[in-house]
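Residue numbers (the working numbering): 411 to 775.
Right under this line is the structure:
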């Protein structure tokens, strides 16, 4: 019928509707499924508990991240970032603490730093440090482990050590020229509008990964309050809708592991010690692709199954390197650089946590 406009919902909204319907169906059918021996009620109950604890921190992280991306321009960051490598690495750590951006927002910001000739080691330090040591992540980790304050301290400390170590590897052994992909880090890759920048960063992986909006240095600094408010709400809505599926997947996975494994560590971990638990938790963090502002709550749900060293591997490695971040890096940089960064982060993170593990075990922590 002519003259009638059809409303077309975005895939994220459609996914939300489908997920809501599936959740309601699972809750309704859980007593029947429990009768077959599958503890669906326990898994859903644990997942709901984890969600209620994790969602406030996810929301706070999204709101603060969107505010920084909307009101703090990329030009300001680039103008005040030191060009000297060692000074830039130190500032990269400080900037990571001061800017509570979502972990997946750091990848496009990282790409734009390189586009503005900020040294690669400095940008790498920011990329690794920002999602681990910002105030929202520190707060959420302390909330998740109030009886284990050393977990928060070790997460921040190891995050700083890992980020500086990874950045130093690119200072000692510089990456070969041409790390960008053929279509990114060109002037037109960071187009003059928010939509073009957002599309550039997410077109190749939006169907399979979370995404965050990023600040656009080409947007004029002087914008009306109404425009800024609309941009802020659009940032927050987009970030939340894209991150939610990953958080829910991680919550269901953590709840399932906890219910199916019981309250004791898995039998197959016995005799293998701390190193295997670190590797397993790093792999879990990579696959689950959780937002760093809420991953500590999910890790808390696994505290009875894995030692503290394993939890630290989850909390330090996941925000830096997971599926969604690899996809975002692959959209902007060539395979050689992505592989080198991923392997370096994995080795450095595993080594750092493994060095701390014997001390924690000796102290009974």
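Don't be surprised by glycine CBs; every beta carbon is placed ideally from N, CA and C.
Take the alpha-carbon of residue 523 and the one of residue 533: they are about 6 Å apart. By the CB criterion at 7 Å, residue 491 and residue 528 fall inside the cutoff.
Sequence-distant Cβ neighbours of residue 754 in its own chain, meaning closer than 7 Å and more than five residues away, are 576, 579.
When DSSP assignments are scanned along the segment 685 to 719, the uninterrupted stretches of alpha helix (DSSP H) that are 4 or more residues long and fall wholly within it turn out to be 705 to 710. Residue environment analysis places residue 729 among the buried positions, since at least 16 neighbouring C-beta atoms fall within 10 angstroms of its C-beta. Rounded to the nearest whole angstrom, the C-alpha separation of residue 656 and residue 733 is 10 Å.
In the three-state scheme derived from DSSP, where H, G and I count as helix and E and B as strand, residue 743 is classed as strand. For residue 573, the enclosing alpha helix (DSSP H) stretches over residues 559 to 582. A straight-line Cα-Cα distance of about 26 Å links residue 585 and residue 723.
Counted as a single uninterrupted DSSP element, the alpha helix (DSSP H) harbouring residue 516 occupies residues 516 to 525.
Burial is judged here by how many other beta carbons sit within 10 angstroms of a residue's own beta carbon; residue 481 has fewer than 16 and is exposed. In this structure residue 706 touches residue 550 by the C-beta definition: roughly 5 Å separates them, less than 8 Å.
The three-state secondary structure of residue 634, taken from DSSP, is coil. Distance from the CA atom of residue 506 to the CA atom of residue 684, rounded to whole angstroms, is 29 Å. Straight-line measurement puts the Cα of residue 449 at about 33 Å from the Cα of residue 471. Note that the C-beta distance between residue 704 and residue 467 is below 7 Å.
When the beta-carbon positions are compared, residue 740 and residue 748 come within less than 7 Å of each other. Between residue 453 and residue 665, the C-beta gap is smaller than 7 Å, which places the two residues in contact. C-alpha of residue 498 to C-alpha of residue 582: approximately 15 Å in a straight line. As the crow flies, the alpha-carbon of residue 746 is around 14 Å from that of residue 738.
Residue state for residue 533 is assigned as helix, using DSSP reduced to three classes. Distance from the CA of residue 503 to the CA of residue 434, rounded to the nearest whole angstrom, comes to 44 Å. Secondary structure of residue 585 (DSSP, three-state): coil. Annotation for residue 504: the continuous alpha helix (DSSP H) segment containing it runs 495 to 508. Burial state of residue 563 is exposed, judged by a 10 Å Cβ sphere holding fewer than 16 other Cβ atoms.
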